[in-house]
Amino acid sequence: MSAGILLQLAQTLLAILLAPLLMGWVNQCRAWLQGRSAPPITQPYRTLKKLFHKDAVIAHTATPLFRFAPYMIFACMALAAGLVPTLANDLPLSPAADVIALVGIFALARVFLALAAMDIGTAFGTLGARREMLVSFLAEPALLMVFFTASLISHSTELPVIVETLAHKEFVIYPSLAFAAVAFWMVSTAENARIPVDNPATHLELTMIHEAMILEYSARHLALIEWAVALKLFTYSALGIALFLPWGIAAQGDAGALSLAVAAMLLKLMLGGAFLAFIEAISAKLRLFRAPEYLGTAFLLAVLGMLIHFLLEV
Amino acid sequence: MMETLTLLSSDPVQWAWGVVLFWLALGFASLLLQGAPRLLNRLVFPLGALGALCIAGVGAAGLGLPATTAVLPIGLPDLPFHLRLDALSAFFMLLLGAAAFGITVYAAGYFRDMAAGPLALLALWYHLFLAGMLTVLLADDAYAFMVAWEVMALASYFLVTADHKVPEIRRAGFLYLLIAHVGAVALLLAFGVLQGGHGDYTFDTMRLAEMTPFWASAAYLLALFGFGAKAGLVPMHVWLPEAHPAAPSPVSALMSGVMLKTAIYGLLRVSFDLLNVQLGWWGTLALALGLITALYGVIFAAVQSDMKRLLAWSSIENIGVIVAAFGLTLIFYTDGKGALAALTLTALLYHALNHAFFKGLLFVGTGSVLHATGERNMGRLGGLMRFMPWTAWLTLIGALAIAGLPPLNGFVSEWLLLQAFLFTPGLSQPYLNMVIPVAAATVALAAALAAYVMVKFYGVVFLGQPRHPALNQAHEAGWPERLGMLWLAAGCVLLGLFPAQVVGWLTPVVRLLTNQTLVNDGNWLTLAPVSAERASYAPLIFFAVVAAVLLLTYLWVRRIYHGRVRRSDPWDCGYPEQDARMQDSAEGFGQPIRQIFEVFMKVERETPDPFDRKPRYSGASLDKLWFILYEPIARATGWLSEQAGRLQHGRIQWYLIYSFATLIFLLVFTR
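The listed protein sequences derive, respectively, from chains A and B.
If you read the first sequence in our numbering, its first letter stands for residue 5, the second for the next number, and so on.
If you read the second sequence in our numbering, its first letter stands for residue 76, the second for the next number, and so on.
Here it is as structure tokens:
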């Protein structure tokens, strides 16, 4: 039990510490693909350090909710990172929340961010909150449907059981999971404010969603939010890996399996990050009212995956 | 003395009836107290709250006890009131008592500024309303049930029209009364079918009546229509967004939080207890209606700009979720999957209880806002968190809970329901088992939209800058109001953190209706329906981890770095001239939803000319069903009564001829 708790802590801390590195890697790949000279991979850490040292500037009209939200969002993302099996599978925290609750954690963080964005009462803040909720009300059910497909295959909504079924049982190809994987990719780009739904590098008022919400934040609050954003990207990547490429995640917590798991995870994250940067480099951002169509497609694909499960796999 | 006490305590139905009498007495006493406004102000509502607490206690105690009955020698000769308290009644009594306690404590403060005359009338109807709802839950014959049902409907009608000088409120009240009675007629007919020709209207006879599937279906459809009209199922929902906002806020809270649940109670009572035949398609029908209602309600909630109307539409959504759970329960039950029926029934009851708490909390929260600002239109509110922090933070709990966010209570019931959807592949009917998980997508969509609605509601009303200078004088709610809200908010938190216990309490009800129990495979911390391998959820651990990380991060940031803060003007991309009117209005925040779901709406907008010096904007997204379904009916009714009016000349000769013709007709045909 105590070994399990240690492993749990180690995995969560590793996720928290590695998350900015993944962000740096994606930014680096993107810069290369765009023909720019890339910032060092550790750039996100430097940014965080700089932000933590600065004095926070807060609007006169801010309420305590505004200052509370960054901590809340960071805590939610840390919990999510602790729940998703990145290194080892059966961790002590996992019975606390299944995939539906995981969707709930992301929703909780998002609602707090949207509320904090509306707190100052600027035009951009409310605009960002409205757009974020628009994107999420379609993305969230689509994500849930992706999880449902995996749950129907494994007869469980517990992440460890799903990973166990998909990784360690006999090798079966599930066509439904192919649809689910495409839907998951589309949802994760939307949820992580990436191209084609949002552009993390923009501050152009007509297009920004996520950036509009955090315009008023500075210093340590901004640092926590940026860190939480990196952690969210990391958690989503780990989720995608756990659902669709689970091979390598350690079933038991012994040293050999764990070191293999770390190597496998790093490799998969590197490839995944490079792929994300590649997709971002070759596609353009959608107009805002195209985003519901994009996410509607993701939703339909996920539902289609579920139907295919019933038609072909039962 | 001790003997009478033990006698009483062993018989919860007596206690419950005692509270009914107490509330009635309190209501009529308040009429007499008009001369003593101080006494009226200070005494009546707190005593009413005490009665509610008592009912919550009786309900909690009654959950574990076998059914008790009583016969009251009131009513018509040879037609006494039969009362019965079983686990189902006890659960809804617990819901009624617990929610009504918080709301009535709140009401004690909310109505303090009213003049004695109107207050006395209001207190009378308020307590009659409570007594009516309680008697509905206790009734064990159709006669008592219908009398109580009508008392409830009429008392709430008078409460809705408390502010009867406003024409819209009179209109809303009329619509409410009309649909309530159309529903009541359907219920009367349903009971007529249920008694199966015996002429005995006690529920005991109905339980034993032999029914063919045809007549059972007829009774079920009538009951679904009648109770659906009360609960606000689409398409019988039109009265709800009119009537609930018109009432004073504590009454809105009672109507949305509790009265709608009496319809759910009736639906469960008739279909699981009284009808001895159940058919699978009943469940499919209810599931489809519920899902449509849920989606329809939440879409319209997103485009409202009146905060109470927004909450009323959100009640329609929640009723839709509950009825969908009801349909799923029937489907599982008729398919012989008792354990799964137990799971969905648990989700249903849990959600009903949750809704009573968070909707009650949100409605009284809007009451405080209304009291402080005199404004219901969200477009003229904003920034209230700074002036009324108690109301704002407590309402935040309600808003997060209704948005279905963990670790609060709304999440638990939605989680249970979604789990139930994942079990449908086990159903034996082909196609149905495929379609139903897709229906889960609808529930998920409605839940996600509910979060949108709540961000809009909370963000526009409590956050941002005040959209009106007068709001700077908004005052915080008084202590009774805060206590009432605190009770309801505590309910939201505790029901969310201890689901394993709550599911344990629900076991007797579930066993009564489905002969099965939901097995919790987890310990007291963990909720794991059916098996821990399939799904588990431990909100307390969840909460503890989030709180711990939050605290650690806070301490770490403060310790390693610093906590320095500088205040300045908002940044807003460096744009200097911004004012409160540049924030999203309520219409603005709902605009994407309006654009996506415009097919359901009739949008009426008035956009100003760009050169207009005093621009006025107005926009309303109206319910298309009103124009498609209700206006033709209203026109047809008008036409029919006009035709009937031709018979009326006002001349005595003609009326004598009518009577004579009728007499001849009857003599010929009834020989």
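Just so it is clear, CB atoms sit at the ideal spot from N, CA and C, and this is done for glycine as well.
| request: For the region 139-170 of chain A, list the beta strand (DSSP E) runs that are entirely contained and at least 3 residues long, ordered along the chain. | output: Runs found: none.
| message | Can you tell me which residues form a DSSP beta bridge with I62/A? | response | R642/B
| field | Under 8 Å between C-beta atoms of M676/B and V378/B | value | yes
| request: List the residues of chain B whose Cβ lies closer than 7 Å to the Cβ of V165/A, in chain order. | output: E608
| task | Assign G457/B to buried or exposed, taking buried as 16 or more other Cβ atoms, counted over all protein chains shown, within 10 Å of its Cβ. | result | buried
| field | Which of helix, strand or coil DSSP assigns to A295/A | value | helix
| task | Using a Cβ cut-off of 8 Å (strictly closer), state whether W631/B contacts chain A. | result | With 8 Å as the cut-off, W631/B does not count as an interface residue toward chain A.
| field | Helix, strand or coil at L627/B [DSSP, three-state] | value | helix
| request: Look at the Cβ atom of M310/A, then the Cβ atom of P288/B, and state whether they are nearer than 8 Å. | output: no
| task | Might you give, ordered along the chain, the residues of its own chain that have their beta carbon closer than 7 Å to the beta carbon of A422/B, omitting 5 neighbours on each side? | result | So the qualifying residues of the chain are A400, S488, L491, L492, A495.
| request: Could you tell me whether the Cβ atoms of A174/B and A431/B are closer together than 8 Å? | output: yes
| task | Put L600/B into one of helix, strand or coil per three-state DSSP. | result | Coil, per DSSP.
| task | Starting from the beta carbon of S611/B, find every residue of chain A whose beta carbon is closer than 7 Å, and list them in chain order. | result | P99, D102, E162
| query | Using a threshold of 7 Å, is the CB atom of A111/B nearer than that to any non-hydrogen atom of the ligand PLP? | reply | In the structure on display, the ligand PLP does not appear, and there are no ligands present to speak of.
| query | According to a CB-to-CB cut-off of less than 7 Å, which residues of the region 136-148 of chain A neighbour chain B? | reply | M137, L138, S140, F141, E144, P145, L148
| said: Can you look up H550/B in the DSSP assignment and give me helix, strand or coil? | reply: coil
| query | Should H312/B go down as buried or exposed, given a rule of 16 or more other Cβ atoms within 10 Å for buried? | reply | buried
| request: Measure the Cβ-Cβ separation of G129/A and M217/A and say whether it is below 8 Å. | output: yes
| task | Could you check how far apart the C-beta atoms of I664/B and R71/A are, in whole angstroms? I think they sit under 8 Å. | result | Note that residue 664/B is Phe in the sequence shown, not Ile. Between R71/A and F664/B the Cβ distance is about 23 Å, and since that is not below 8 Å, they are no contact.
| Is DSSP giving I149/B helix, strand or coil here? | Strand.
| message | On the CB-based measure, 16 or more other CB atoms within 10 Å of its CB, does Q270/B come out buried or exposed? | response | buried
| request: For E608/B, name the three-state secondary structure that DSSP assigns. | output: E608/B falls in the coil class under three-state DSSP.
| When the cut-off is 8 Å and only beta carbons count, does V88/A lie next to chain B? | no
| query | In three-state DSSP terms, what is H57/A? | reply | helix
| task | Please determine if the region 472-483 of chain B and the region 99-116 of chain A are in contact, where contact requires at least 3 C-beta pairs separated by less than 8 Å. | result | yes
| With respect to the beta strand (DSSP E) encompassing R680/B, which residues constitute its N-terminal and C-terminal limits? | 676-681
| task | Find out if the Cβ-Cβ distance for the pair Q32/A, P24/A is shorter than 8 Å. | result | Contact flag unset, no.
| Where the alpha helix (DSSP H) containing D279/B begins and where it ends | From DSSP, the alpha helix (DSSP H) with D279/B extends over 278-283.
| said: Which residues of the region 394-419 of chain B have a Cβ closer than 7 Å to any Cβ of chain A? Give them in chain order. | reply: none
| query | Run through DSSP, which three-state label would F249/B get? | reply | helix
| task | Given a cut-off of 8 Å, decide if A66/A and I124/A are closer than it, judged by their beta-carbon atoms. | result | yes
| said: Report the start-end ranges of each beta strand (DSSP E) in the region 655-741 of chain B that is 3 residues or longer and not cut off at the edges. | reply: Contiguous beta strand (DSSP E) elements confined to the region 655-741 of chain B occur at 676-681, 693-698, taking only those with 3 or more residues.
| message | I'd like to know if S643/B contacts chain A, where contact means its C-beta is closer than 8 Å to some C-beta of that chain. | response | yes
| What does DSSP give as the partner residues of L154/B in its beta bridges? | L151/B
| request: For P296/A, decide whether its Cβ has a neighbour in chain B, counting only Cβ atoms nearer than 8 Å. | output: yes
| query | Fully enclosed by the region 308-355 of chain B, which alpha helix (DSSP H) runs are 4 residues long or longer? | reply | 315-321, 324-329, 335-343
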